[in-house]
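One structure is given here, and the rest of the page talks about it.
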Amino acid sequence: MNRTPLLDLAGQHRWIRVEIQEAMRRVLDSGRYILGPEVKALEEEVAAFSGTRHGIGVANGTDALLLTLDAWGIGPGDEVITSPFTFFATAEVISRLGARPVFIDIDPETYLLDVEQLEQKYTPRTRAILPVHLFGQPADMDEVTAFAKDYGLKVLEDAAQAIGAEYKGRKVGSFGDAASYSFFPTKNLGGYGDGGMVITDDEELAKKLRSLRVHGRGSQSKYHHIALGYNSRLDELQAAALRVKLRYLEAWNEARRVKAEIYDQSLADLPIVIPTVPADRKHIYHLYIIQTRRRQELMKHLRDQGIDTAAYYPVPLHLQEVYRDLGYREGDLPVAEEVSRRAMALPLGPELDEVAQDGVVAAIRDFFLG
Ligand SMILES: *Cc1c(COP(=O)(O)O)cnc(C)c1O
366 MNRTPLLDLA GQHRWIRVEI QEAMRRVLDS GRYILGPEVK ALEEEVAAFS GTRHGIGVAN
426 GTDALLLTLD AWGIGPGDEV ITSPFTFFAT AEVISRLGAR PVFIDIDPET YLLDVEQLEQ
486 KYTPRTRAIL PVHLFGQPAD MDEVTAFAKD YGLKVLEDAA QAIGAEYKGR KVGSFGDAAS
546 YSFFPTKNLG GYGDGGMVIT DDEELAKKLR SLRVHGRGSQ SKYHHIALGY NSRLDELQAA
606 ALRVKLRYLE AWNEARRVKA EIYDQSLADL PIVIPTVPAD RKHIYHLYII QTRRRQELMK
666 HLRDQGIDTA AYYPVPLHLQ EVYRDLGYRE GDLPVAEEVS RRAMALPLGP ELDEVAQDGV
726 VAAIRDFFLG
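Just so you know, we're using the numbering used here here: the sequence shown kicks off at 366 and counts up by one.
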């Protein structure tokens with residue numbers, strides 16, 4: 366039986382193998398392996414792609430968030446408002462700095478921060494808002510940035526899942542004070558290992574981040590330090606490979622959109638929730654998410670036919686064991702909790718072929734209609 370994976374990374378590699386090998390060879394022969402010309406070129410290319418002035422390559426997407434919040438001086442006593450329905454790293458970085466994540470509930474159809482609740486959760490300790498462009502769909506950036514402006518808050522966009530997505534005709538990552546990308550292999554622009562980047566228009570922030578990622582180094586020399594920093598560098602091999610992949614990103618995102626539309630049309634009559642995309646947004650379908658009350662059964666039915674799926678995300682962040690002392694209880698964020706019980710991802714990627722996708726659709730239809 367042919368297996369249909371959630372995402373076929375080896376298949377993606379086959380398309381570009383020769384170009385990747387050439388790029389890797391260039392780096393291997395160069396003798397520069399960390400923070401060299403490939404990283405610098407990638408930073409410029411990703412910033413230009415995103416419509417921002419600066420790109421700062423770091424070791425991973427988590428560090429892109431962490432170093433930015435740190436550069437803003439966020440720490441003990443501060444609060445950062447974010448979503449309870451996202452990958453753990455989004456909130457982890459807030460806690461890691463000694464600040465407190467404050468969760469607000471999500472919209473039940475788009476899974477994005479419910480911006481109506483910002484007002485309720487704001488306190489004088491609030492320093493920043495960390496909206497997540499979840500599953501490849503842009504958050505409500507006009508409302509977020511307007512609120513932040515009124516209250517003097519920073520905005521950090523978690524764009525780990527949404528490179529190339531658009532809000533009102535503009536790419537995500539260019540709305541907040543800064544944004545983070547992850548180049549984890551499964552992301553829409555994924556490397557062959559870990560990688561991440563901060564993008565921003567803020568020159569001063571860019572400068573701070575370039576220092577923080579190399580142990581808070583000053584401009585005087587390698588061995589003069591002006592801050593307590595990190596070892597969080599992007600390497601040349603990843604950057605060279607990512608530069609190749611960046612050239613395909615728009616086409617790959619478009620291929621995802623086409624396949625998402627096929628799912629939309631083929632599943633619309635079933636008793637499930639399919640993605641909702643407001644008219645002013647371009648979703649790039651990092652994941653194609655459906656909701657069903659029968660998630661476990663459906664996942665088993667598909668697995669028995671060789672089709673991989675995954676629950677996204679099974680535990681909302683406010684109910685994570687490690688966050689017990691934040692004082693949230695079940696029922697506090699009912700939408701995120703319900704969605705956590707129902708949401709699952711179907712196989713999707715630029716390499717998903719028609720036969721495999723037809724198989725997924727047929728198996729789901731068979732499950733509900735028999
Ligand atoms: C992947 C991801 C991150 C973390 O990125 P890493 O590169 O894995 O550190 C952060 N936030 C979200 C929403 C993600 O999906």
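A virtual CB, placed ideally from N, CA and C, is assigned to each residue, including glycine.
Small disclaimer: the values here were computed from a predicted structure and weren't measured.
Less than 8 Å separates the beta-carbon of residue 539 from that of residue 417. In this structure, ligand 1 has no non-hydrogen atom nearer than 7 Å to the beta-carbon of residue 450. Within the same chain, 715 come within 7 Å of residue 620 by CB-CB distance, once the 5 residues on both sides are set aside.
Take residue 573, set aside five residues on each side of it, and the residues of its chain with a beta-carbon closer than 6 Å to its own are 436, in chain order. For residue 700, the enclosing alpha helix (DSSP H) begins and ends at 699 to 707. For residue 545, the enclosing beta strand (DSSP E) covers residues 543 to 547. Cβ-Cβ distances below 6 Å link residue 385 to 606, 609 in the same chain, with the five nearest sequence neighbours on each side left out; the list follows chain order. If only uninterrupted alpha helix (DSSP H) runs of at least 4 residues are considered, those enclosed by the region 433 to 462 are 454 to 461.
Pairwise C-beta distances place the region 397 to 404 out of contact with the region 524 to 536, as fewer than three of them are shorter than 8 Å.
Counting along the chain, no beta strand (DSSP E) covers residue 732; the unbroken alpha helix (DSSP H) around it starts and ends at 719 to 734.
Taking 8 Å as the cut-off, the beta carbon of residue 492 is found closer than this to the beta carbon of residue 518.
Residue 629: not part of any beta strand (DSSP E); member of the alpha helix (DSSP H) spanning 601 to 632, first to last residue.
Look at residue 400 here: in three-state DSSP terms it is coil, with no helix or strand label. Taking the Cβ atoms as the reference, residue 705 lies roughly 6 Å from residue 678, within the contact range of under 8 Å.
Remark: the C-beta of residue 555 is outside contact range of ligand 1, defined as less than 7 Å to any heavy atom. Residue burial annotation: residue 388 is buried, with at least 16 other C-beta atoms found within 10 angstroms of its C-beta.
Between residue 699 and residue 660, the alpha-carbon positions lie close to 18 Å from each other.
When rounded, the separation of the alpha-carbon atoms in residue 494 and residue 441 is 16 Å.
Per the coordinates, the alpha-carbon of residue 463 lies some 19 Å from the alpha-carbon of residue 486.
By the neighbour-count criterion, in which a residue is buried when 16 or more other Cβ atoms sit within 10 angstroms of its Cβ, residue 393 is exposed.
Per DSSP, reduced to three states, the secondary structure at residue 710 is strand. Inclusion of residue 526 in the 7 Å shell around ligand 1 follows from its C-beta lying nearer than that to a non-hydrogen atom of the ligand. Considering only 708, 618, 603, 691, the residue with the shortest C-alpha distance to residue 424 is 603.
According to DSSP, residue pairing for residue 716 in a beta bridge does not occur. Residue range 491 to 495 is occupied by the beta strand (DSSP E) that includes residue 492. The Cβ atoms of residue 450 and residue 499 lie closer than 8 Å to each other. Taking the Cα positions, residue 482 is about 11 Å away from residue 508. Taking the CA atoms as reference points, residue 691 sits about 13 Å from residue 445.
Take the alpha-carbon of residue 598 and the one of residue 426: they are about 11 Å apart. For residue 560, same chain residues with a beta-carbon under 6 Å away, outside a window of 5 residues either side, are 548, 599, 603 in chain order. By the beta-carbon neighbour count (other beta carbons within 10 angstroms, threshold 16), residue 653 is buried.
For residue 521, the enclosing beta strand (DSSP E) starts and ends at 519 to 523.
Residue 477 sits away from residue 563, with the two beta carbons spaced by 8 Å or more. Between ligand 1 and the CB of residue 454, the shortest heavy atom gap is smaller than 7 Å. Nearest to residue 726 by C-alpha distance, out of 646, 634, 685, is 634.
Per DSSP, the continuous alpha helix (DSSP H) segment holding residue 510 begins and ends at 506 to 516.
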